[in-house]
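A.B. asks: Quick one: this structure, given as structure tokens, is what I'll be asking you about.
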Ligand code: MIC
Ligand code: SF4
């Protein structure tokens with residue numbers, strides 16, 4: 007069915023293995039990669055371990071955007087490591103303060119018809135520019151930089167048919183919030199969302215990128231928009247028209263599934279605490295007092311978004327009880343805002359202006375006060391991600407954010423009674439790549455500078471024939487990678503230090519987890535984790551697989567996995583299994599003992615059903631949906647062992 011879709015056309019151009027049959031293993035050539043600092047340090051350690059002397063992609067970029075806080079040497083050292091690695095191996099380096107990877111990539115590098123693999127789950131943002139952009143673990147990105155194809159399951163292609171046009175004060179963010187309301191945080195697993203229809207003619211590339219960005223919250227493999235006249239216009243404005251190519255779906259194309267949305271019928275929406283799919287109409291929750299409002303993150307920090315906010319604030323001021331904060335998406339956005347006089351409007355009205363980066367979206371500062379509502383234009387409101395526990399974070403559009411910042415209460419922006427603001431879609435953006443350092447020519451002498459916080463990668467042993475496991479933790483549905491491996495200002499600086507970061511594994515739900523795991527592992531125990539549906543949703547951080555593996559976890563048995571987390575588990579030699587009969591979930595609890603006889607043989611020979619024997623005498627059937635390559639990797643104990651053996 008994928009034939010003739012934009013996604014199908016891009017996949018066909020890049021297909022290295024497999025066919026366009028949904029849910030079967032395929033491999034595609036990767037043209038571009040991106041990394042960010044929080045996943046990048048590990049990805050480049052892995053790239054170094056592969057032993058290639060130059061990246062083999064046509065473009066690779068290393069961004070520093072997540073951790074910009076230099077409270078001691080650790081983060082500053084990581085930045086220097088990333089910069090020197092980039093210079094040496096042929097990678098562009100986007101310096102701290104230059105902006106959020108997805109915003110900068112869209113502006114300066116995204117290209118229609120190409121493939122992009124990024125070690126960040128919101129990589130599909132670039133799908134707004136007609137490319138197939140996929141989020142993955144750092145190890146998969148390291149392999150792509152080494153010229154290896156990316157392996158995935160052929161997604162189903164869901165067509166989202168747009169008609170009509172957005173009413174004043176209704177935002178592209180409301181489009182994707184509405185889709186999240188309909189489909190939930192697991193509604194996109196195994197799917198690419200491809201937008202089409204007459205409604206597209208009103209959506210600019212930054213509008214499309216905001217929608218593609220939050221497609222990640224559906225669990226989707228990616229989101230793709232066609233490359234059309236709007237795309238051309240954006241590329242001309244970015245002085246990159248050379249890379250324009252038209253990519254449209256064929257008129258008689260049949261999608262695997264079609265969703266229809268009339269843009270004219272939409273109204274402002276909000277995702278209530280604490281899940282991006284807990285969506286209601288803003289008017290249903292109007293009136294509650296807000297303490298903090300932030301406009302920023304890769305979802306909503308474009309020049310368009312800053313314009314909406316500044317123009318709505320003209321002649322007005324921020325409510326005295328609200329901390330109203332602006333995190334511009336990139337240096338370009340900031341410079342455009344300055345040159346159009348928007349920055350002075352914002353400052354004058356009482357907004358707090360921050361540097362370009364992820365900041366509070368990943369809990370690096372901007373934590374809200376206790377028991378107070380924080381409205382954010384961000385991507386995720388998972389519990390505690392803001393840095394305050396418990397928190398009350400709502401995800402909204404820039405329009406709803408600014409209206410609420412003015413009134414001090416959750417406010418439907420249509421109710422402030424103003425004329426809609428006139429937005430400029432620039433013919434020319436300010437082009438200034440001062441924040442992007444090109445790599446050194448091949449063969450130049452570049453010394454890689456490593457600080458003491460950068461620890462070598464741990465070695466993992468191969469799979470054994472039989473395995474005895476203890477259930478160390480049992481969790482419910484929709485566990486996020488923020489639960490498994492939290493971020494924030496205390497933990498993020500440890501991303502290049504596996505032993506240190508492992509101390510915080512599962513600390514958000516079980517502070518004793520790491521201690522228990524380490525003590526038991528000393529006595530040779532191996533662990534299993536039991537979970538519910540959509541286990542591992544959210545971030546691409548491979549630390550959510552690396553740290554458990556380091557602590558002795560060998561199997562995760564759940565009702566369902568999120569795509570990137572499952573791939574990361576395989577890459578670090580943890581066997582991902584699902585319950586054949588979900589009611590067997592009740593047969594296991596923390597402390598249960600389980601034996602799997604002949605596991606290595608079963609994995610090697612491609613058995614899809616594996617029996618687990620509990621110490622109570624129960625037998626549980628587990629499913630292992632794995633490709634041949636996944637099985638080889640698991641037997642070796644992880645992807646790095648597998649690659650080293652091949653090299
Ligand atoms: C996120 O939004 O959760 C992050 C932080 O950008 C992550 C990456 C990470 O954990 O480093 C993501 O989305 O992949
Ligand atoms: Fe950064 Fe937030 Fe976007 Fe993740 S979701 S890349 S933390 S801005």
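Residue numbers (the working numbering): 7 to 653.
The beta-carbon is built from N, C-alpha and C at its ideal position, and this holds for glycine as well.
To the nearest angstrom, report how far apart residue 580 and residue 216 are at their CA atoms.
C.D. replies: Walking along the chain shown from the start, residue 580 turns up at place 574. Walking along the chain shown from the start, residue 216 turns up at place 210. Rounded to whole angstroms, residue 580 to residue 216 spans 34 Å at the Cα level.
A.B. asks: Expressed to the nearest angstrom, what Euclidean distance is found between the alpha-carbon atoms of residue 38 and residue 205?
C.D. replies: The sequence position of residue 38 within the chain shown is 32, counting from 1. The sequence position of residue 205 within the chain shown is 199, counting from 1. Approximately 29 Å, taken between the alpha carbons.
A.B. asks: I'd like to know if the stretch 578-598 and the stretch 629-645 are in contact, where contact means that at least 3 CB-CB pairs between them fall below 8 Å.
C.D. replies: As far as the Cβ criterion goes, the stretch 578-598 touches the stretch 629-645, which means the pair count is three or higher.
A.B. asks: Within a Cβ cutoff of 6 Å, which residues of the same chain sit near residue 35, ignoring the five residues on either side of it in sequence?
C.D. replies: On the chain shown, residue 35 is found 29 positions in, with the first residue counted as 1. Counting only Cβ-Cβ distances below 6 Å, and skipping sequence neighbours, we find 20, 22 and 155.
A.B. asks: Taking the beta carbon of residue 172 as the centre, do at least 16 other beta carbons fall within 10 Å, making it buried, or is it exposed?
C.D. replies: Along the chain shown, one-based indexing puts residue 172 at 166. Per the 10 Å Cβ criterion, buried.
A.B. asks: Any idea if residue 451 is buried or exposed, counting beta-carbon neighbours within 10 angstroms, 16 or more meaning buried?
C.D. replies: Walking along the chain shown from the start, residue 451 turns up at place 445. With fewer than 16 Cβ atoms within 10 Å of its Cβ, residue 451 is classed as exposed.
A.B. asks: Three or more beta-carbon pairs under 8 Å between the stretch 481-497 and the stretch 550-557, yes or no?
C.D. replies: Because the criterion of three Cβ pairs below 8 Å is met, the stretch 481-497 and the stretch 550-557 touch.
A.B. asks: Taking a contact to mean a Cβ-Cβ separation below 8 Å, would you say residue 546 touches residue 96 in this structure?
C.D. replies: As a first step, residue 546 is located in the chain shown; it is residue number 540 there, counting from the start. As a first step, residue 96 is located in the chain shown; it is residue number 90 there, counting from the start. No.
A.B. asks: Decide yes or no for the touch test of the stretch 587-602 against the stretch 530-542: beta carbon pairs closer than 8 Å, at least 3 of them.
C.D. replies: A contact exists between the stretch 587-602 and the stretch 530-542.
A.B. asks: Need the endpoints of the alpha helix (DSSP H) that residue 424 sits in, please.
C.D. replies: Locating residue 424 in the chain shown gives position 418, where the first residue counts as 1. Unbroken run through residue 424: none, as it is neither H nor E.
A.B. asks: Assess, as a yes-or-no matter, whether the stretch 455-466 is touched by the stretch 358-365 under the definition of 3 or more beta carbon pairs within less than 8 Å.
C.D. replies: In short, these stretches do not touch, since the Cβ pair count stays below three.
A.B. asks: Going by C-alpha distance, which of 56, 63 and 76 is nearest residue 371?
C.D. replies: Along the chain shown, one-based indexing puts residue 371 at 365. Of 56, 63 and 76, the residue nearest in Cα terms is 76.
A.B. asks: Can you tell which of 321, 54, 399 and 31 has the C-alpha that lies nearest to the C-alpha of residue 416?
C.D. replies: The count along the chain shown starts at 1 and reaches residue 416 at position 410. Here the closest residue by C-alpha is 399.
A.B. asks: Helix, strand or coil: how does DSSP classify residue 358 here?
C.D. replies: Along the chain shown, one-based indexing puts residue 358 at 352. Residue 358 falls in the strand class under three-state DSSP.
A.B. asks: Near residue 116, what residues of its chain come up, given a Cβ to Cβ distance below 6 Å and the 5 sequence neighbours on each side ignored?
C.D. replies: Numbered from its first residue, the chain shown carries residue 116 at position 110. Result list for residue 116: 132, 135 and 137, in chain order.
A.B. asks: Just tell me which of 178, 295, 321 and 316 has its CA closest to the CA of residue 333.
C.D. replies: As a first step, residue 333 must be located in the chain shown, where it is residue number 327. When only C-alpha atoms are compared, the closest one is 316.
A.B. asks: Where are the alpha helix (DSSP H) runs, 4 residues long or more, that stay fully inside the stretch 62-132, in chain order?
C.D. replies: The qualifying runs are 79-95 and 107-114.
A.B. asks: Identify the residues that DSSP records as bridge partners of residue 559: which are they?
C.D. replies: As a working mapping, residue 559 is identified with position 553 in the chain shown. Partner(s): 533.
A.B. asks: Excluding sequence positions up to five away, which residues of its chain have a Cβ less than 7 Å from the Cβ of residue 336?
C.D. replies: By one-based count along the chain shown, residue 336 stands at place 330. Taken in chain order, the residues that qualify are 104, 105, 106, 109, 110, 113 and 362.
A.B. asks: Candidates 185, 440, 430 and 571: which alpha carbon is nearest residue 308's?
C.D. replies: As a first step, residue 308 is located in the chain shown; it is residue number 302 there, counting from the start. Considering only alpha carbons, the answer is 430.
A.B. asks: Quick one: measure Cβ to Cβ for residue 562 and residue 575, integer angstroms, because I've assumed they're closer than 8 Å.
C.D. replies: By one-based count along the chain shown, residue 562 stands at place 556. By one-based count along the chain shown, residue 575 stands at place 569. Right, the Cβ-Cβ distance comes to about 6 Å (below 8 Å), so this counts as a contact.
A.B. asks: From which residue to which residue does the alpha helix (DSSP H) around residue 501 run?
C.D. replies: Within the chain shown, residue 501 is the residue found at index 495, counting from 1. Here residue 501 belongs to no alpha helix (DSSP H), and DSSP marks it neither H nor E.
A.B. asks: Which residue's Cα is closest to the Cα of residue 175: 89, 83, 198 and 270?
C.D. replies: Walking along the chain shown from the start, residue 175 turns up at place 169. Comparing Cα positions, the closest option is 270.
A.B. asks: Just to confirm, does residue 85 get its C-beta within under 7 Å of one of the non-hydrogen atoms of ligand 2?
C.D. replies: Here the question's residue 85 lines up with position 79 in the chain shown. Checking every heavy atom of ligand 2 against the Cβ of residue 85, none is found closer than 7 Å.
A.B. asks: DSSP three-state call for residue 710: helix, strand or coil?
C.D. replies: In the structure as shown, the chain begins at 7 and stops at 653. Residue 710 is therefore absent and cannot be evaluated.
A.B. asks: With distance defined between alpha-carbon atoms, name the residue in 623, 603 and 524 nearest to residue 616.
C.D. replies: Taking the first residue of the chain shown as position 1, residue 616 is located at position 610. Residue 616 has its Cα closest to that of 603, out of 623, 603 and 524.
A.B. asks: What is the rounded straight-line gap between the Cα of residue 163 and the Cα of residue 260?
C.D. replies: For the purposes of this step, residue 163 is identified with residue 157 of the chain shown, where counting begins at 1. For the purposes of this step, residue 260 is identified with residue 254 of the chain shown, where counting begins at 1. About 9 Å.
A.B. asks: Please list, following the chain, all residues that have a C-beta closer than 5 Å to any non-hydrogen atom of ligand 1.
C.D. replies: Taking each Cβ in turn, the ones that pass are 44, 45, 126, 127, 368, 545, 546 and 547.
A.B. asks: Which residue marks the beginning of the alpha helix (DSSP H) containing residue 178, and which one marks its end?
C.D. replies: Translated into positions along the chain shown, residue 178 becomes position 172. Run containing residue 178: 178-189, per the alpha helix (DSSP H) assignment.
A.B. asks: Where does residue 94 land, buried or exposed, given buried means 16+ other C-beta within 10 angstroms?
C.D. replies: By one-based count along the chain shown, residue 94 stands at place 88. With 16 or more Cβ atoms within 10 Å of its Cβ, residue 94 is classed as buried.
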